[in-house]
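2 protein chains.
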Amino acid sequence: VNAARLGLKSAIIASCGMDGLGDFIVDKLKSDYVDTSHINRTSGLHTSIILVSKSMDTPDFTAYREADCVIPEDVVTDELLHLSKIYHTTCFALSKNPARTTILKGAQRASELGLQLSIDLNYSEKIWPDRIEAKKIITQYLSYNPLLKLSIDDCYRYFECHKTEEEIFSYFHSKGVSTICLTKGKDGVAVSDLEVGVLHQAALKIKDIKDVTGAGDAFWTGFLFARINNKSLLDSITIAQKLATIKLQNVGRLPDMISLKKVIEELD
Amino acid sequence: VNAARLGLKSAIIASCGMDGLGDFIVDKLKSDYVDTSHINRTSGLHTSIILVSKSMDTPDFTAYREADCVIPEDVVTDELLHLSKIYHTTCFALSKNPARTTILKGAQRASELGLQLSIDLNYSEKIWPDRIEAKKIITQYLSYNPLLKLSIDDCYRYFECHKTEEEIFSYFHSKGVSTICLTKGKDGVAVSDLEVGVLHQAALKIKDIKDVTGAGDAFWTGFLFARINNKSLLDSITIAQKLATIKLQNVGRLPDMISLKKVIEELD
Numbered sequence: 001v002n003a004a005r006l007g008l009k010s011a012i013i014a015s016c017g018m019d020g021l022g023d024f025i026v027d028k029l030k031s032d033y034v035d036t037s038h039i040n041r042t043s044g045l046h047t048s049i050i051l052v053s054k055s056m057d058t059p060d061f062t063a064y065r066e067a068d069c070v071i072p073e074d075v076v077t078d079e080l081l082h083l084s085k086i087y088h089t090t091c092f093a094l095s096k097n098p099a100r101t102t103i104l105k106g107a108q109r110a111s112e113l114g115l116q117l118s119i120d121l122n123y124s125e126k127i128w129p130d131r132i133e134a135k136k137i138i139t140q141y142l143s144y145n146p147l148l149k150l151s152i153d154d155c156y157r158y159f160e161c162h163k164t165e166e167e168i169f170s171y172f173h174s175k176g177v178s179t180i181c182l183t184k185g186k187d188g189v190a191v192s193d194l195e196v197g198v199l200h201q202a203a204l205k206i207k208d209i210k211d212v213t214g215a216g217d218a219f220w221t222g223f224l225f226a227r228i229n230n231k232s233l234l235d236s237i238t239i240a241q242k243l244a245t246i247k248l249q250n251v252g253r254l255p256d257m258i259s260l261k262k263v264i265e266e267l268d
Numbered sequence: 001v002n003a004a005r006l007g008l009k010s011a012i013i014a015s016c017g018m019d020g021l022g023d024f025i026v027d028k029l030k031s032d033y034v035d036t037s038h039i040n041r042t043s044g045l046h047t048s049i050i051l052v053s054k055s056m057d058t059p060d061f062t063a064y065r066e067a068d069c070v071i072p073e074d075v076v077t078d079e080l081l082h083l084s085k086i087y088h089t090t091c092f093a094l095s096k097n098p099a100r101t102t103i104l105k106g107a108q109r110a111s112e113l114g115l116q117l118s119i120d121l122n123y124s125e126k127i128w129p130d131r132i133e134a135k136k137i138i139t140q141y142l143s144y145n146p147l148l149k150l151s152i153d154d155c156y157r158y159f160e161c162h163k164t165e166e167e168i169f170s171y172f173h174s175k176g177v178s179t180i181c182l183t184k185g186k187d188g189v190a191v192s193d194l195e196v197g198v199l200h201q202a203a204l205k206i207k208d209i210k211d212v213t214g215a216g217d218a219f220w221t222g223f224l225f226a227r228i229n230n231k232s233l234l235d236s237i238t239i240a241q242k243l244a245t246i247k248l249q250n251v252g253r254l255p256d257m258i259s260l261k262k263v264i265e266e267l268d
C-alpha cells in the first residue's frame, strides 16, 4: 500500500481466509491500487491476524496465525517477475511452509532474472521459535544479495545478545549482502554499503509522535522507492527517513495519495 | 460479569494464554468481582479471541481458538460446587476437549449435589463442525435437566431446518429438559415448562437499539438470577427481558453496578 501510494505499481503475494476479514483486506488493497490477483483464499482457515499493543517503544504483539502461510509454489510466475523491479519479503512470511518454499524458490528465480531483492529482517522468536532453522533459511535468502533492513530490536532478537554495529555489518556482509540498513529509532540510521562504506544519519526531529506502528515499513518503502529511481544511497536514506517521519506523525497508515515530491517539499 | 453486576457471587472456569490479552481479561474480571482463581493460564497457546461483525441482525463472527479449551479435569472441585447454586455452560465451551470432558464430569457431579444446571445452546457448525457428535454431547448434558436457553437462530443451526415451536419444545423435553426458553428477537419469548405449560411474552418496546451483541447473555443472566431468587416463571421472563432491553440500549456490557431493583423501577 505504501508503495502504491508513492505511485509505484505493486502486487502482493499472500494468503488469507474466505471470511469477512479476508474480503475486507482484499477490497481495501484494491481500493489502494494494489494488484490483489495473486492472493490465495483458503476456505478451511481464517485470515491470520496480529494484535499489536499501543506503545511508544517497541510494540508487543500476539499473532493468530491461520491462513497466512498457505501460499502455493506456482503463484510466483516468470510473467509476474518480468513485470517487477523489486522482490521483497519479511521473516514473518518466511517462518512457515509452504510460504517459505514459495518465497525461496521465487527469490532464486527473481535473482536469475536480475531483479533486486529485499528483506525486512523482522525476526522474532515468538513467530519463529526454531532460531537455528530461521538463521539457515534467512542466510539462504541473503545469498541472493537483497537490500537488507533491520532495526536494533531485530538484531537483539536475531542474535540473542547485544552486537556492535561493526559486528552486525560484518556478519551480514559475510552472508553476501552488499547494502545493510540498520535503523536505531531516535538514534537515527546507519547504512553499510560495500561500495560507499558506512553512513550515519541522525534521526529527523519530530515534535509529536502519534503512532510508531508501521514506521519501519514506511522507512523501507521510501528506501526501495529511492533505489528504484536510482537515487544515491544518501538521498535514499533521507527519503526513507522522511516517509518514516510522516508515518510517526499520523495514526494508521501513510496519508492518502502522498507524492514523493510533496514529501520532500514539506520536510525540506 | 453480568451476574456479578446483579450482586451474585460468580466464579468462572476457563482457560486463556500467558499473554497481555489474558492478563487484561483476568484483571477486568477481577475488577468486576468475578472469582478468577479457577482460570487456567497456558504458556504455549494464545488467548482465544472472537471477532464479531457489527450488525443489527445476527452478527457474523470469526473465532481464533487457541487456549480456551485447555480446562483440566480437576478444576471443578466439590468445594467449588458446594459454594454454587447454578452450573452454567455453552456449546462453545463444550465443543472441544479437554474442556468438554471437564464440563460433562462437572455437570454430573453438580447434578448429584443438587445444583441447578443451565446451558446456552448457542450451537454453530462454524465452531463445532461435527454435528452428530455435538448433538450426542449436548444430549448428554441435557439429561441433567438444565435450564435451557436457545434462540430461533440457534435452533435453525442446530436442526439445519426450520422447526415449529411445538417441535422444538417436544424435542428438548424428550431429552429430559423441564424448562426451555426460546428467544425470538423482536417476536418476543416462548417458554415451555413441564409444570406451567407454554408461556408467550411479546418483546419489550425499544426506541433505539444500539448493540445486539450480548443481549442473549443479559437475558439469560436475568432469567437465572430470577430463578435463584425463586421468582415465578413469568416474573423470571420479565426480568430477563428487562435486562436484555438494557443491554440493547447500551454499547458493550451492561452498565456498571446495576441493581435489579433499579432495573425493575426504571422499566415498569
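Protein sequences, first through last, are from chains C and P.
Mapping the first sequence onto UniProt numbering, position 48 (from 1) lands on 48, and the numbers just tick up by one.
Mapping the second sequence onto UniProt numbering, position 101 (from 1) lands on 101, and the numbers just tick up by one.
All residues carry an ideal CB built from backbone N, CA and C; glycine is no exception.
Model, not experiment: these values are computed from the prediction.
Item                                                                                                        : Value
Check whether P/A218 and P/I239 have beta carbons under 7 Å apart                                           : no
DSSP-derived helix/strand/coil call for residue 271 of chain C                                              : This structure leaves residue 271 of chain C out entirely; chain C is present only between 1 and 268.
Alpha-carbon to alpha-carbon, C/G252 and C/Y33                                                              : 18 Å
Test: P/A11 CB closer than 7 Å to a CB of chain C                                                           : no
For C/R41, the residue or residues it bridges with in DSSP                                                  : C/C16
Straight-line gap, P/E166 to P/V196 (C-alpha atoms, nearest Å)                                              : 15 Å
Strand pairing of P/V52, partner residues [DSSP]                                                            : P/F61
Identified DSSP bridge partners for C/Y87                                                                   : C/L117
Rounded separation between C/D23 and C/L254 - CA only                                                       : 22 Å
Nearest residue (CA-CA) to P/C91, options P/A110, P/Q116, P/A134                                            : P/A134
Alpha helix (DSSP H) segments (min. 4 residues) lying fully within the stretch 123–179 of chain P           : 131–142, 152–159, 165–174
Proximity below 7 Å, CB of P/L115 to CB of P/S84                                                            : yes
Alpha-carbon spacing of C/D208 relative to C/A244, whole angstroms                                          : 13 Å
Extent of the continuous beta strand (DSSP E) to which C/D235 belongs                                       : Per DSSP, C/D235 belongs to no beta strand (DSSP E); it is in the alpha helix (DSSP H), 233–248.
Nearest to P/I137 (by Cα), restricted to the options P/A107, P/H82, P/S10                                   : P/A107
Inter-residue Cα distance where the pair is C/I119 and C/Y141                                               : 8 Å
Cβ-based neighbour list, C/Y156, same chain, cut-off 7 Å, excluding 5 preceding and 5 following             : H162
For C/H200, three-class secondary structure by DSSP                                                         : strand
Short-range partners of chain P found in the stretch 17–43 of chain C, where Cβ spacing is below 7 Å        : D19, G20, L21
Distance between beta carbons of P/I86 and P/A93, contact taken as under 8 Å                                : Actually they do not touch by this definition, with Cβ atoms about 15 Å apart.
Contact with chain C by P/V52, beta-carbon distance below 7 Å                                               : no
For C/S174 and C/D78, the rounded distance between their alpha carbons                                      : 29 Å
Residues bridged to C/C181 [DSSP beta-bridge criterion]                                                     : C/K149, C/V191
Where the alpha helix (DSSP H) containing P/G222 begins and where it ends                                   : 215–228
Rounded separation between C/L6 and P/D68 - CA only                                                         : 43 Å
Closer than 7 Å at the beta carbon, the chain C residues around P/D60                                       : G20
Whole-Å CB distance - C/V1 paired with C/H38, under 8 Å assumed                                             : With a Cβ gap of about 15 Å, C/V1 and C/H38 do not count as contacting.
Reference P/K186, options P/T164, P/F169, P/L21, P/S151, closest by Cα                                      : P/S151
For P/G106, the first and last residue of its enclosing alpha helix (DSSP H)                                : 99–112
C/L45, buried or exposed, once every other Cβ within 10 Å from all chains shown has been counted against 16 : buried
C-beta contact flag for C/I50 and C/A63 at 7 Å                                                              : yes
Extent of the continuous alpha helix (DSSP H) to which P/L81 belongs                                        : 78–82
Residues within the stretch 152–186 of chain C neighbouring chain P, beta-carbon criterion of under 8 Å     : none
Burial state of C/D268, where buried means 16 or more other Cβ atoms lie within 10 Å                        : The predicted position of C/D268 is uncertain, since its pLDDT is 49 and thus under 50; a value taken from the coordinates is nonetheless stated next. By the neighbour-count rule (16 or more Cβ atoms within 10 Å), C/D268 is not buried but exposed.
Neighbour flag for P/H46 against chain C, beta carbons, 7 Å                                                 : yes
For P/V34, the residue or residues it bridges with in DSSP                                                  : P/S10
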